[in-house]
Amino acid sequence: MASDIIAWFHENGRTLPWREPGFSAWGTLVSEFMLQQTPVSRVIPHLEAWLERWPTPADLADSPPAEALRAWSSLGYPRRALWLHEAAVQITERHAGVVPDDVDDLLALKGVGDYTARAVAAFAYGKRHPVVDTNTRRVIARAVQGQAEPAPPSRGRDLAAMEALLPESDTDAHDFNAGIMELGALICVAKSPRCGQCPVSARCAWLADGSPAYLGPVKAVQKKYEGSDRQVRGLIMKELRAAHKPVTTAEIETLWPDAVQRTRALDGLLADGLAVASAQGGYTLPHG
DNA sequence: GAAACGTGGGA
DNA sequence: TTCCCAAGTTT
Numbered sequence: 001m002a003s004d005i006i007a008w009f010h011e012n013g014r015t016l017p018w019r020e021p022g023f024s025a026w027g028t029l030v031s032e033f034m035l036q037q038t039p040v041s042r043v044i045p046h047l048e049a050w051l052e053r054w055p056t057p058a059d060l061a062d063s064p065p066a067e068a069l070r071a072w073s074s075l076g077y078p079r080r081a082l083w084l085h086e087a088a089v090q091i092t093e094r095h096a097g098v099v100p101d102d103v104d105d106l107l108a109l110k111g112v113g114d115y116t117a118r119a120v121a122a123f124a125y126g127k128r129h130p131v132v133d134t135n136t137r138r139v140i141a142r143a144v145q146g147q148a149e150p151a152p153p154s155r156g157r158d159l160a161a162m163e164a165l166l167p168e169s170d171t172d173a174h175d176f177n178a179g180i181m182e183l184g185a186l187i188c189v190a191k192s193p194r195c196g197q198c199p200v201s202a203r204c205a206w207l208a209d210g211s212p213a214y215l216g217p218v219k220a221v222q223k224k225y226e227g228s229d230r231q232v233r234g235l236i237m238k239e240l241r242a243a244h245k246p247v248t249t250a251e252i253e254t255l256w257p258d259a260v261q262r263t264r265a266l267d268g269l270l271a272d273g274l275a276v277a278s279a280q281g282g283y284t285l286p287h288g
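Residue numbers for the first sequence, in UniProt numbering: 1 to 288.
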């Protein structure tokens, strides 16, 4: 199966910034942070602007977190920007400004988990590690396990399932990691998979079984955004990004009518370090 | 392990 | 319009 996917990837993989020759390990790390739960099309413009402004981890570490949060703009989950800034500081302090190539060193960085650590080691440094994201999990669930959808994530099980498929050589392992993700992103998609264009359709356990419906545990439904705490937090963050002096309590009050929810959202942002109380009153983005 | 965490685009 | 989904991590 691996060789089919690798061949398909060479022919059909997209041209993306992080696949260009000479793209830096730092660029890969930044791209992986941005791509966490965020589509490629929204990431690309922000990634390019980010790397132009902060070409190295040390450059970002030298800027205040507030600037990282402003550059993050409306990409969503702004704590990723805070964590990326913190990771840049850690890289500068612990690794002489060089993005580490060791999975355990990467895992020790703020905001870097099982996926991102292995993605950087594999994609930026060419090391042989199983890289498992949501696309990979879906392709394996279908092609290997015959299930319409993957079971709930399980670190050990997921890594073992990918390891069992991973080619021996570093080069093939790299292309397979990238290729199976790409296959999940373009062909073996969550809804209405394009099995007619799939390079492994002849060997897909799910297709062979007649594409049975998913019978496993029901996954948690994403809560409605409209009216949620997330929306209120987003509105406050937007105001803080736009302001270059403290945002007053009165200004925050205009953003959301419900005082209880508004207070809960602001307190959450303060607890997360995304907002800080200013000595002159009001609130700002973090500058420390 | 579940829940929380943004935002926007496509069906 | 409403719902689903998108290269996850942290607590």
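All C-beta atoms in this analysis are idealised placements derived from N, C-alpha and C, irrespective of residue type, glycine included.
Keep in mind the model is a prediction, meaning the values are calculated, not measured.
Check                                                                                            : Outcome
Beta-ladder partner(s) of Y283, from DSSP                                                        : V247, A277
Sequence-distant residues of its chain with Cβ nearer than 8 Å to R203 (five each side left out) : M1, D4, A143
Inter-residue CB distance, A173 and L183 (contact presumed, cutoff 8 Å)                          : Not confirmed; about 16 Å, so no contact.
K238: first and last residue of the uninterrupted alpha helix (DSSP H) it sits in                : 229-242
Assigned exposure category for R155 - 16 Cβ within 10 Å defines buried                           : exposed
Nearest-angstrom Cβ-Cβ length linking A7 and P193, presumed shorter than 8 Å                     : The Cβ separation is near 19 Å, so there is no contact.
Member of S41, R118, Y77, M237 whose CA lies at the smallest distance from the CA of A185        : S41
The stretch 52-69 in contact with the stretch 145-163 per 3-pair CB rule at 8 Å                  : no
Alpha carbon of W18 to alpha carbon of P130, nearest angstrom                                    : 19 Å
Under the three-state DSSP convention, the category W206 falls into                              : helix
Rounded straight-line distance, which links the Cα of H95 to that of V120                        : 15 Å
Backbone secondary structure at P17 - three-state DSSP                                           : helix
Limits of the unbroken alpha helix (DSSP H) element including R42                                : 40-53
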